[in-house]
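Report on the structure given below.
Numbering (my numbering), first residue to last: 12 to 175.
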């Protein structure tokens, strides 16, 4: 399934995680010898991608409603808890279906879904004189200006991170 379906989804040039001919090395290379490097980890990255978004991705790339539904069902699962009732082991869904971390299809799907995010963050980085790359849920920005780094992480230049 990965090679024939998920592996053919388009990804941004700045996505390096789980992309053929790209790696942690190609992700790091643009940031080497930069005096300022900011690395951000997106919290709960895979679980925030729901069945609905995955199905929408497959529809957007041209699959029918039925095929998109089946593919999204194959690629998602609900978080669940194991319980025992009358001596039988049961699994109860706790929330809607989402991308499971560790599934071979999850990184490819998130790479395709993050194309717009990658384009926008590339634009932000360029406007600040920085470079941007993404490896799965790790966003990396690098450049020369420490004040611009504060804008990357959402603090206005000149603000302090300590309380006085």
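Glycine is no exception: its CB is placed at the ideal position from the N, C-alpha and C atoms.
How should residue i be labelled, buried or exposed, when 16 other C-beta atoms within 10 angstroms of its C-beta is the threshold for buried?
i: residue 100; result: exposed
i: residue 108; result: buried
i: residue 79; result: buried
i: residue 102; result: exposed
i: residue 66; result: buried
Using only the alpha-carbon positions, how far apart do residue i and residue j sit?
i: residue 58; j: residue 160; result: 28 angstroms
i: residue 116; j: residue 68; result: 13 angstroms
i: residue 121; j: residue 149; result: 12 angstroms
i: residue 123; j: residue 96; result: 41 angstroms
i: residue 48; j: residue 154; result: 7 angstroms
i: residue 45; j: residue 165; result: 20 angstroms
i: residue 40; j: residue 158; result: 23 angstroms
i: residue 18; j: residue 98; result: 43 angstroms
i: residue 144; j: residue 93; result: 39 angstroms
Where does residue i sit, in a helix, a strand or coil, going by DSSP?
i: residue 98; result: coil
i: residue 105; result: coil
i: residue 24; result: coil
i: residue 36; result: helix
i: residue 80; result: helix
i: residue 61; result: strand
i: residue 43; result: coil
i: residue 92; result: strand
i: residue 16; result: coil
i: residue 73; result: coil
i: residue 68; result: helix
i: residue 85; result: helix
i: residue 113; result: coil
i: residue 118; result: helix
Please list the terminal residues of the continuous beta strand (DSSP E) segment that includes residue i.
i: residue 50; result: 47 to 52
i: residue 149; result: 149 to 154
i: residue 142; result: 142 to 146
Examine the ligand MG and report whether any of its heavy atoms sits within less than 8 angstroms of the Cβ of residue i.
i: residue 73; result: In the structure shown, the ligand MG is absent, as is every other ligand, since no ligand is present at all.
Hey, would you say residue i sits closer than 9 angstroms to residue j, going by beta carbons?
i: residue 72; j: residue 20; result: yes
i: residue 147; j: residue 28; result: yes
i: residue 25; j: residue 156; result: no
i: residue 152; j: residue 50; result: yes
i: residue 125; j: residue 23; result: yes
In the DSSP assignment, find the unbroken alpha helix (DSSP H) run with residue i in it and report its ends.
i: residue 134; result: 126 to 138
i: residue 159; result: 157 to 163
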